[in-house]
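These notes concern the structure reproduced below.
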Amino acid sequence: MDEKELIKKIKKGQINLFAEIVNKYKKVVYNHAYSFLRTKEDAEDATQEIFVNIYNNIKKFKGESKLGTWIYRITVNLCKNKLKQIKRLKGKIVEENPEWDEEKEENILEETLKDKDEKKPDNLFVSNEIKNIVFKRMEELTEEQRKVLILRDIDGLSYEEIGKILKLSVSAVKSKIFRARENLRDKLKKDDIF
Numbered sequence: 023m024d025e026k027e028l029i030k031k032i033k034k035g036q037i038n039l040f041a042e043i044v045n046k047y048k049k050v051v052y053n054h055a056y057s058f059l060r061t062k063e064d065a066e067d068a069t070q071e072i073f074v075n076i077y078n079n080i081k082k083f084k085g086e087s088k089l090g091t092w093i094y095r096i097t098v099n100l101c102k103n104k105l106k107q108i109k110r111l112k113g114k115i116v117e118e119n120p121e122w123d124e125e126k127e128e129n130i131l132e133e134t135l136k137d138k139d140e141k142k143p144d145n146l147f148v149s150n151e152i153k154n155i156v157f158k159r160m161e162e163l164t165e166e167q168r169k170v171l172i173l174r175d176i177d178g179l180s181y182e183e184i185g186k187i188l189k190l191s192v193s194a195v196k197s198k199i200f201r202a203r204e205n206l207r208d209k210l211k212k213d214d215i216f
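Residue numbers for the sequence shown follow the numbering used here, beginning at 23 and rising by one.
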């Protein structure tokens, strides 16, 4: 059954078919959430929230774009909001605990990234060491640059799909990706990766 037919049936009340959407997109949504949030727990929470959001809003889906594009847009928006929540929480923890050790928190992040294979999505880079460095340097990019790199280089979306998700022209997407890659390359030169 094609997606249009599937969505029509779900909208008409065959909600048991929603499981097909979940099965088709859960790995992609999880990987994308993980790329943004970088912990298994946050990515799992976000994935669950994303599918609840999709389920609650499927009747509003007009079919003007691909279902996958619509799901990516929801994923990006929810992950952006989650990152803001995490930053606010981190700020509150530091404010309430002046002895908070920023270096210790950074080590926790690194340990999370190095965790066992089953706790990570597909191996995105050649080695854990390089992966950790790349993620660390990506964190130094602007949110917009990080977003376009994740969509293009990690999720493998086309320029057109990214444009639809971010509501940008293809030329704007190409320009942003070019600048983001240049910026990341400059940062990685310091680590002798390039």
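Quick reminder that beta carbons are idealized off the backbone N, C-alpha and C, glycines included.
On a Cα-Cα basis, can you pick out the residue from the options that is closest to residue i?
i, options, result
"residue 155", "62, 85, 206", "206"
"residue 152", "69, 213, 54", "213"
"residue 44", "36, 73, 200", "73"
"residue 49", "190, 84, 70", "70"
"residue 104", "165, 87, 158, 80", "165"
Leaving out the 5 sequence neighbours to the left and right, which residues in its chain are closer than 8 angstroms to residue i when beta-carbon positions are compared?
i, result
"residue 101", "54, 55, 58, 59, 68"
"residue 201", "167"
Going by beta carbon distance, what residues of the same chain come within less than 6 angstroms of residue i, once the five residues before and after it are set aside?
i, result
"residue 25", "89"
"residue 173", "179, 184"
Specify, as a first and last residue, the run of the alpha helix (DSSP H) that residue i falls within.
i, result
"residue 69", "62-79"
"residue 32", "25-33"
"residue 252", "A question about residue 252 goes unanswered here, because the residues of the chain that appear run from 23 up to 216."
Taking its Cβ as the centre, do 16 or more other Cβ atoms sit within 10 Å of residue i, making it buried, or is it exposed?
i, result
"residue 64", "buried"
"residue 204", "exposed"
"residue 192", "exposed"
Residues in the same chain with beta-carbon distance under 7 angstroms from residue i, minus the five sequence neighbours each way, listed in chain order, please.
i, result
"residue 168", "160"
"residue 108", "none"
Legend entry - Runs of alpha helix (DSSP H) wholly within the region 168-200 (minimum 4 residues, chain order): 181-188
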